[in-house]
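J.: Protein chains in written order, with my numbering: chain G, 37 to 389; chain X, 37 to 389.
The structure's right below; bear with me while I get my questions together.
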């Protein structure tokens, strides 16, 4: 028997990338195979080709339904389907869990910190979940853990192998559909999507680079990679990218993040800039968190010779009215022109952790 | 020889609906076959099924590319491809003409009244057209007519058979794709889209009702139908639905409008309400002009027994930053709930003209 104090026993090992394909088999009958879009005009401007995997059109409006459903279906396969589910979230995980629990007919309770927009609260309730508002993110986590101790199944937003495997199916689908990206970009909150994305490309297209995008104002993952230790915020950092308001990555996701090519830190102006431009070019509602991944791609493109192919995972499209007002406060579609703007905002890309 | 004063000679006759299929054959190699979307949640709420034909994803972001391209290709077929094109527009026609002229390698000059957003001006220039700003819509029309007198081909926004036939291809595609709507809804500016839509359903599904949607603040078409004569604004009426800022329908389109089931007049609040809800439910950028068609569908639905099928033509997705700020000024996603809101805004549907 291994002693509990042995560090190696507490370090999570990486999963076999095959888990992404297993997850895909499990969840695909219930979920959309989301489309891939591109903009000829954007490609012209950048001198590269950018392909967008549109998780905005996924059930509940974001990739989160993939991980949540995969976790519950894996439990069901193992004959361990829980009688109730509990979760905490500052973003789309709430709706993803509510949707997945409803799909399997299990009652769900979701704790949301009060910073979560009223429309996300309403949408989570609309999927049939019980919603409880807490003052802070920390209290939401603690309340959920108390419910878990009392017997509910705690479905974490990223710190679970089956959640990571589920999130990776977005990238898997794109690669199965024939994408051959030089680099793949995804936003990072807790690191579930980025970890799954890294696994998916290891399985199908290992030569692709994988980059995370994180708000400069909420750069705990970038700091963690730079410092080699997980940095944790005392409470949710302020950023328009609400999917990145997580307090910290987990040892489990950190192990994958360390294998990516790095994290690009994005300013709030860039979030707005790309949320506006993607609305204009793609005619789709793109969350600031997702626009961030495009910002990272644009910055990476500037370091490359023309003609590279990029895959940007547009993680979701759930945007509250107040966030819309923030996005569109200033007109960024007119001036300055795209490439000038990009150069103006180029700051150092974080080194590989 | 008929005397010029004989009224029957000046009244346009209706086209054979077959022209829509001819137009489709002509333009389809160059344009997107746009997707049809729906929202299960919206259907639940309304008690009807609403299918959206998404012209937001058409070339240049709106159905206007269809009519402009059809007009130019029909001239080319007749060996009369003009050496230059001129147009005036307060909305998407500018971009549609600029795109179509560029596709055929013809120089285009577009007169835009200064109320047109800077981003639409920029987009029109980006397709290679020369853009000239005029103080008013009336002056834009007059300047374009002077150029036409000097030899340029004036491509009008709606008062041309080939433009009408091109616009009808959006509805034709939806019906070819298997839609069986009880009623079809489209916005009305000058009436080109609605006329083409009526022709398309006559060809493939004559039992469908066809309804136009017009802003209450810019209801010249509804007034024209009620009065039996074309009503004309002295200058562009004020409404968030910029595609409906036309001064008047033409005798040509009026002849089709009189055969539709009528026009539903929509308040500015309803425009915002549905622009917000369609962004939320469809994750697509929907112009206020297009949201208006959904508003008309929702109102019609209230007059019907549950279970009706509606086809809503989402005409475009070109929205300026200032319009985004107007749309999202007030949070209409939260309160009051959908059906309550609808009842609150029900006003009389215009009788058939």
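Note that beta-carbon positions come from the ideal geometry of N, C-alpha and C, so glycine has one too.
With a 10 Å radius around its C-beta and 16 neighbouring C-beta atoms as the bar for buried, classify residue 145/G as buried or exposed.
T.: buried
J.: Would you say residue 156/X reaches chain G, if we count a Cβ-Cβ gap shorter than 8 Å as a contact?
T.: no
J.: For the segment 172–196 of chain X, which segments carrying the alpha helix (DSSP H) assignment without a break, of at least 4 residues, lie completely within its bounds, in sequence order?
T.: With a minimum length of 4 residues, the continuous alpha helix (DSSP H) runs that stay inside the segment 172–196 of chain X are 173–185.
J.: In whole angstroms, what is the alpha-carbon distance linking residue 80/G and residue 201/G?
T.: CA-to-CA, the gap between residue 80/G and residue 201/G works out to about 35 Å.
J.: How many Å lie between residue 52/X and residue 235/X at the Cα?
T.: 8 Å
J.: List the residues of chain G whose Cβ lies closer than 8 Å to the Cβ of residue 358/X, in chain order.
T.: 367
J.: If the cut is a Cβ gap below 8 Å, which residues of chain G does residue 361/X touch?
T.: 361, 364, 365
J.: Of all the options 274/X, 63/X, 259/X, which has the alpha carbon lying nearest to the alpha carbon of residue 267/X?
T.: Considering only 274/X, 63/X, 259/X, the residue with the shortest C-alpha distance to residue 267/X is 259/X.
J.: Give me the DSSP bridge partner(s) of residue 320/X.
T.: Beta-bridge pairing links residue 320/X to 320/G.
J.: Please list, in chain order, the chain X residues whose beta carbon lies closer than 9 Å to that of residue 300/G.
T.: Going along chain X, no residue has its Cβ under 9 Å from residue 300/G, so there is no contact; the nearest lies around 25 Å.
J.: May I have the straight-line CA-CA distance separating residue 306/G from residue 331/G, to the nearest angstrom?
T.: 6 Å
J.: Going along chain X, which residues have a C-beta under 8 Å from residue 93/G?
T.: 319
J.: Distance, Cα to Cα, residue 90/G vs residue 269/X?
T.: 43 Å
J.: Specify the secondary structure class of residue 368/G as computed by DSSP and reduced to three states.
T.: coil
J.: Between the alpha carbons of residue 43/X and residue 181/X, how many angstroms are there, rounded?
T.: Below a pLDDT of 50, predicted positions are generally treated as unreliable, and residue 43/X, at 43, falls in that range; the measurement from the model is reported next regardless. If I take the Cα positions, the gap works out to 24 Å.
J.: Nearest-angstrom Cα distance between residue 254/G and residue 148/X?
T.: 44 Å
J.: Quick check on residue 312/X - is its C-beta less than 8 Å from some C-beta in chain G?
T.: yes
J.: Determine the contact status of residue 294/X and residue 261/X, defining contact as a CB-CB distance below 8 Å.
T.: yes
J.: With a threshold of 16 other CB atoms inside 10 Å of the CB of residue 45/G, please say whether the residue is buried or exposed.
T.: With a pLDDT of only 46 at residue 45/G, under 50, the local geometry of the prediction cannot be trusted, and the value read off the model is given with reservation. By the neighbour-count criterion, in which 16 or more other beta carbons inside 10 Å mark a residue as buried, residue 45/G falls on the exposed side.
J.: Excluding the 5 residues flanking residue 188/G on each side, which residues of the same chain have their C-beta closer than 6 Å to its C-beta?
T.: 120, 122
J.: Just how far apart, CA to CA, sit residue 368/G and residue 279/X?
T.: Rounded to whole angstroms, residue 368/G and residue 279/X show a C-alpha spacing of 23 Å.
J.: Under the rule that 16 or more other beta-carbon atoms within 10 Å means buried, what is residue 165/G, buried or exposed?
T.: Counting Cβ neighbours within 10 Å, residue 165/G comes out buried, since at least 16 surround it.
J.: Give the list of continuous beta strand (DSSP E) stretches no shorter than 3 residues that lie fully inside the segment 41–105 of chain G.
T.: 85–90
J.: Grab me the residues of residue 211/X's own chain with a C-beta within less than 6 Å of its C-beta, minus the 5 sequence neighbours each way, in chain order.
T.: 240, 241
J.: Given 7 Å as the limit, tell me if residue 48/X has its C-beta closer than that to any heavy atom belonging to the ligand GDP.
T.: Of the ligands one can find in the structure shown there are none, so the ligand GDP has no counterpart to examine.
J.: Who are the neighbours of residue 370/X on chain G, taking C-beta pairs under 7 Å?
T.: Under the 7 Å cutoff, chain G gives 154, 155, 158.
J.: Go through its chain and collect everything with a Cβ distance to residue 68/G's Cβ below 7 Å, but skip five positions before and after it.
T.: 93, 94, 95
J.: Taking the alpha carbon of residue 152/G as the reference point, which residue from 197/G, 274/G, 347/G, 50/G has its own alpha carbon closest?
T.: Per the Cα distances, 274/G.
J.: Just checking my contact of residue 222/G with residue 229/G at CB under 8 Å: how many whole Å lie between their CB atoms?
T.: About 5 Å; that satisfies the 8 Å criterion.
J.: Going straight from the alpha carbon of residue 370/G to that of residue 56/G, what length do you get?
T.: Rounded to whole angstroms, the gap between the alpha carbons of residue 370/G and residue 56/G is 42 Å.
J.: Any C-beta of chain X sitting closer than 8 Å to the C-beta of residue 315/G?
T.: yes
J.: How would you write the range of the beta strand (DSSP E) that residue 301/X sits in, first residue to last?
T.: 298–302
J.: Taking 8 Å as the cut-off, decide whether the C-beta atoms of residue 184/G and residue 224/G are in contact.
T.: No, the Cβ-Cβ distance between residue 184/G and residue 224/G is not below 8 Å.
J.: In whole angstroms, give me the CA-to-CA distance for residue 322/X and residue 287/G.
T.: When the Cα atoms are used, residue 322/X and residue 287/G turn out to be separated by approximately 42 Å.
J.: Work out the CA separation of residue 215/G and residue 348/G for me, nearest whole Å.
T.: 11 Å
J.: Which residues in the same chain as residue 100/X place their Cβ atom closer than 6 Å to its Cβ, once the five residues preceding and following it in sequence are excluded?
T.: 128, 129, 132
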